[in-house]
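For reference, each letter of the sequence shown is one residue, going 104 to 982 in my numbering. Just so you know, even glycine gets a beta-carbon here, dropped at the ideal spot from N, CA and C. Keep in mind the model is a prediction, meaning the values are calculated, not measured.
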Amino acid sequence: ATIYLKDYEPPAYRIEQTQLHFALHEDYALVTATLSIARTAGAPETQALVLHGQALKLESIQLDGNTLGEGTYVIDEASLTLEAVPGEFELRTVVRIEPQNNTSLEGLYKSRTMFCTQCEAEGFRKITYFLDRPDVMSIYTVTVEADAARYPVLLSNGNCVATEALASGRHSATWHDPFPKPAYLFALVAGDLSVVEDSFTTCSGREVDLKIFVEPKDLDKCDHAMDSLKRSMRWDEETFGREYDLDIFNIVAVDDFNMGAMENKSLNIFNTSCVLASPDTTTDAGYQRVESIVAHEYFHNWSGNRVTCRDWFQLSLKEGFTVFRDAEFSSDMGSRTVKRVEDVTVLRTSQFAEDAGPMAHPVRPDSFIEISNFYTVTVYEKGAEVVRMIHTLLGAESFRRGSDLYFQRHDGQAVTCEDFVLAMEDASGVDLGLFRRWYSQAGTPEVSASGVYDEEAQTYTLTVAQRTPPTPGQTDKQPVVIPLAMGLLGDAGNLPLRLEGELPDTETSDNTHRVLTVDSAEQRFVFTGVNEAPVPSLLRGFSAPVRLDYPYTRKDLQALISHDADGFVRWDASQQLAVQVIMDVQAQLDAGSEPDVDPLLIDSVAAVIADTSLDPAMVAMMVTLPGENYLAELASHTGQADVDGIHAARDSVREALASALSEQWQSLFGRLHSVEPYQASGPEIARRSLCNAALGYLSADSVDGVELALAQYHGANNMTDRLAGLQAVAYFGNDVQRDAALADCFDKWHHEALVVNQWLQLQAMLPLEDALSRVQALMAHDAFDLRNPNKVRAVIGAFASGNPVNFHRRDGAGYRFLREQVAVLDGMNPQIASRLLGPLTKWRNYQGRGDMMRAELEELAAVSGLSPDVFEVVSRSLA
Ligand code: ARG
Ligand code: ZN
């Protein structure tokens with residue numbers, strides 16, 4: 104059933120206190136819930152109490168100590184209803200559940216040998232009957248009871264207030280969380296876990312015990328997460344004035360987890376892939392991911408837990424804001440421009456595609472069937488862009504005042520995106536009126552700009568027009584408020600800016616940069632005193648999540664690449680130039696002619712390599728060609744994507760760069776290659792990224808390059824270099840080299856699950872002819888496990904979204920494979936099944952493939968007993 108935002112009603116009942124008792128056994132668990140319930144003032148006495156509950160077996164139920172007989176309550180597959188209840192009462196239920204058989208990884212389940220929970224968004228109802236909605240906040244006291252030998256560690260939220268040794272080798276621990284919280288923040292863990300301990304002193308002098316619990320084998324992989332946690336705690340105090348509020352903060356790593364991590368109050372639960380790190384198992388990107396996810400979950404303590412969401416339509420209130428916060432943190436810890444480029448790449452590749460497809464939805468969706476389907480790049484990443492735009496419009500200081508006001512005003516409350524915007528307005532005095540459309544309107548605005556230079560008048564006129572294409576269910580779009588950060592580039596650098604009619608004294612210290620506000624369908628900005636024809640530097644820092652179109656010549660792009668003041672624009676121009684050249688080559692190949700790569704691209708890459716003033720990480724990104732998925736997204740925006748054509752053209756441009764600049768790649772590699780002990784520091788990560796980009800080109804160019812990659816694979820003392828070597832051998836080596844290196848890697852690392860996952864993923868993405876049968880073989884491999892989401896993502900997910908030429912095979916075998924896997928997985932883990940389906944939903948985008956893709960979706964639609972998760976995605980895609 105579809106749920107609508109407009110139907111929101113406040114809860115008729117509250118649950119003030121929640122006492123839970125868990126008796127955990129190998130083949131079942133008994134959950135006793137004692138709830139102090141009160142009717143909301145103003146709600147009618149006749150209002151029935153409807154508790155959520157799913158897959159629960161009710162053993163007994165008592166109201167104020169009296170057992171309720173059958174007929175006094177109604178149970179269906181989703182709820183327990185009591186028709187008439189007192190205004191205030193205590194309800195006690197005992198339910199039996201089977202965590203060991205819970206393959207959905209939602210609610211209480213077993214991951215290998217430990218019990219753990221995942222309740223967001225609506226998993227708590229699989230644990231006990233409850234008002235499982237975020238605007239019902241309760242104080243929890245939780246007792247966990249289990250076998251003492253198998254489960255020596257028993258954890259829940261808040262503080263441990265009692266432990267007890269019990270008969271028959273069992274024991275228990277009782278936890279109390281003084282902060283009222285919604286059920287989705289509840290957590291429980293029981294297992295035989297090792298712990299790494301540290302502490303943090305908060306700004307007001309509170310000593311906080313920090314603990315990371317892992318399986319004993321992973322004890323050596325916690326240091327980086329612990330350091331990241333301490334840095335996050337300090338940063339949140341300094342940057343947002345947020346202090347931690349309990350004496351204890353726990354993190355637990357689990358192998359089987361649907362998402363990255365979860366911010367349960369004082370008991371964060373992490374996918375092992377997002378918390379464990381060691382030089383031998385984790386790449387640089389992995390180290391950075393751990394740092395940012397640890398930060399993200401920690402930051403939720405304020406943006407999510409202390410102030411939470413009123414309903415799930417408001418999900419971006421906590422997620423968009425928290426992604427913004429973690430991105431700022433990462434920018435402060437490392438390079439701001441590099442972080443920005445990484446985030447924009449995700450946004451442009453995945454979020455723009457989501458906005459252009461059947462699942463398009465606003466940052467604040469107005470309806471859903473299954474909320475799990477809305478943990479999306481739109482809610483998270485576009486949501487973060489919306490917060491970033493508020494930051495840009497208000498300025499850092501006012502934004503901080505707004506954030507302080509928001510936390511102060513709403514501490515302990517469940518609120519809405521509108522409350523967030525209001526706090527920002529009230530604290531800054533800035534009217535965000537129509538800016539709100541970013542929350543309610545789906546689709547990516549298209550901004551087209553053009554410029555005219557008038558030499559005589561010394562003016563430059565920039566005309567900016569915007570439109571947002573229709574999305575499913577939202578055909579009429581209004582203009583949005585777009586902060587357009589910009590500059591004008593002259594021969595010798597950026598020019599001073601003065602808008603027509605503006606007084607000279609409005610100039611600030613940096614008068615070569617400003618933020619224009621674009622808020623109507625078409626606008627003109629006239630700059631005066633411009634004494635040469637400039638190249639506009641637009642959307643600096645990607646100041647708004649829009650598609651920008653400006654008719655740059657290749658010379659313009661080259662000028663921006665070589666000397667604009669904005670690092671993001673320099674990178675963006677390098678990408679635009681590469682896109683143009685790849686498209687040229689694609690057209691040449693289509694026409695059956697020899698590819699002819701514009702020497703301008705080669706010159707520009709050579710110049711970037713030679714520019715020693717640039718951060719090596721920036722150079723690495725600027726010399727890396729745009730990905731095939733991004734190219735396909737661009738192509739489908741104006742027509743349909745030809746995956747094979749894109750792949751061939753991109754390969755051929757890469758070969759041209761590899762061979763034309765082989766000496767440069769060689770000297771870069773020679774200069775940057777190092778076998779010093781691994782350090783995950785910014786400069787070292789930057790050095791490795793450029794060195795491995797050079798290695799990629801060298802191995803694309805020659806057999807000597809492949810030998811170099813092979814040598815690096817064997818000689819590496821860290822996962823980044825080892826994987827880069829292996830990848831280069833697997834892509835560019837011959838069959839014998841490839842298979843030998845891959846076999847060697849498994850042989851040496853089969854005992855490290857996180858390495859094995861990367862090994863699986865690398866193979867699933869190889870653009871080889873027999874890729875699909877390789878993927879099928881991998882699924883039959885001992886290392887594979889369909890119940891483990893990381894493995895499913897590494898093989899099936901990576902194949903479907905990271906191996907375009909094979910997923911989109913002409914014979915449709917890739918599509919059939921995905922459909923079959925989704926059908927099987929849907930019976931086990933609907934969230935994972937639904938997520939895997941993403942690539943098929945884009946069926947309208949692919950030349951000559953749409954009918955086959957659509958047919959697989961129809962095939963799925965005909966399956967009986969589909970989960971709401973998969974049903975929603977399939978039916979929207981076919982609508
Ligand atoms: N709140 C978590 C995070 O972003 C994600 C939880 C996702 N849960 C889900 N059922 N999709 O940090
Ligand atoms: Zn989050």
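Residue i beta carbon near the ligand ARG (any heavy atom closer than 8 Å)
{"i": "His124", "result": "no"}
{"i": "Asn361", "result": "yes"}
{"i": "Ser475", "result": "yes"}
{"i": "Ala364", "result": "yes"}
{"i": "Gln221", "result": "yes"}
{"i": "Gln743", "result": "no"}
{"i": "Tyr401", "result": "no"}
{"i": "Gln934", "result": "yes"}
{"i": "Tyr55", "result": "Outside the displayed range of the chain (104 to 982) lies residue 55, so it cannot be described from this structure."}
{"i": "Gly670", "result": "no"}
{"i": "Tyr212", "result": "no"}
{"i": "Tyr989", "result": "The structure shown does not extend to residue 989, since the chain is modelled only from 104 through 982, so no value can be given for it."}
Where residue i falls: helix, strand or coil (DSSP)
{"i": "Tyr834", "result": "helix"}
{"i": "Phe887", "result": "coil"}
{"i": "Asp622", "result": "coil"}
{"i": "Leu813", "result": "helix"}
{"i": "His854", "result": "coil"}
{"i": "Pro907", "result": "helix"}
{"i": "Tyr483", "result": "helix"}
{"i": "Ile712", "result": "helix"}
{"i": "His274", "result": "strand"}
{"i": "Pro786", "result": "helix"}
{"i": "Tyr781", "result": "coil"}
{"i": "Met868", "result": "coil"}
{"i": "Leu322", "result": "helix"}
{"i": "Cys794", "result": "helix"}
{"i": "Lys658", "result": "helix"}
{"i": "Pro573", "result": "coil"}
{"i": "Cys520", "result": "helix"}
{"i": "Asp972", "result": "helix"}
{"i": "Glu445", "result": "helix"}
Cα-Cα separation, residue i to residue j
{"i": "Ala844", "j": "Gln864", "result": "15 Å"}
{"i": "Tyr653", "j": "Ser551", "result": "6 Å"}
{"i": "Ala95", "j": "Ala251", "result": "Residue 95 lies beyond the stretch modelled for the chain, which goes from 104 to 982, so this question has no answer here."}
{"i": "Phe360", "j": "Gln221", "result": "8 Å"}
{"i": "Ser241", "j": "Gln661", "result": "59 Å"}
{"i": "Thr143", "j": "Asn404", "result": "27 Å"}
{"i": "Cys263", "j": "Ala867", "result": "45 Å"}
{"i": "Ser331", "j": "Tyr390", "result": "10 Å"}
{"i": "Asp179", "j": "Val524", "result": "40 Å"}
{"i": "Ser275", "j": "Asp387", "result": "41 Å"}
{"i": "Pro255", "j": "Leu296", "result": "8 Å"}
{"i": "Asp804", "j": "Asp842", "result": "20 Å"}
{"i": "Leu313", "j": "Ser369", "result": "10 Å"}
beta-carbon residue i near the ligand ZN non-hydrogen atom, thresh 8 Å
{"i": "Val426", "result": "yes"}
{"i": "Gly407", "result": "yes"}
{"i": "Glu112", "result": "no"}
{"i": "Lys421", "result": "yes"}
{"i": "Tyr989", "result": "With the chain running from 104 to 982 in the structure shown, residue 989 is simply not present."}
One or two residues paired with residue i in a DSSP bridge
{"i": "His155", "result": "Ser182, Phe233"}
{"i": "Asn371", "result": "Ile354"}
Buried versus exposed call for residue i [16 or more other C-beta atoms within 10 Å across all chains shown]
{"i": "Val839", "result": "exposed"}
{"i": "Glu872", "result": "exposed"}
{"i": "Arg753", "result": "buried"}
{"i": "Ser553", "result": "exposed"}
{"i": "Asp130", "result": "exposed"}
{"i": "Val489", "result": "buried"}
{"i": "His817", "result": "exposed"}
{"i": "Thr175", "result": "exposed"}
Residue-level contact to chain D via CB, residue i, 9 Å cutoff
{"i": "Asp669", "result": "Structure shown: chain D not included; a single protein chain is present."}
Near the ligand FMN: residue i beta-carbon under 8 Å from a heavy atom
{"i": "Gln417", "result": "Ligands present in the displayed structure are limited to the ligand ARG and the ligand ZN, and the ligand FMN is not among them."}
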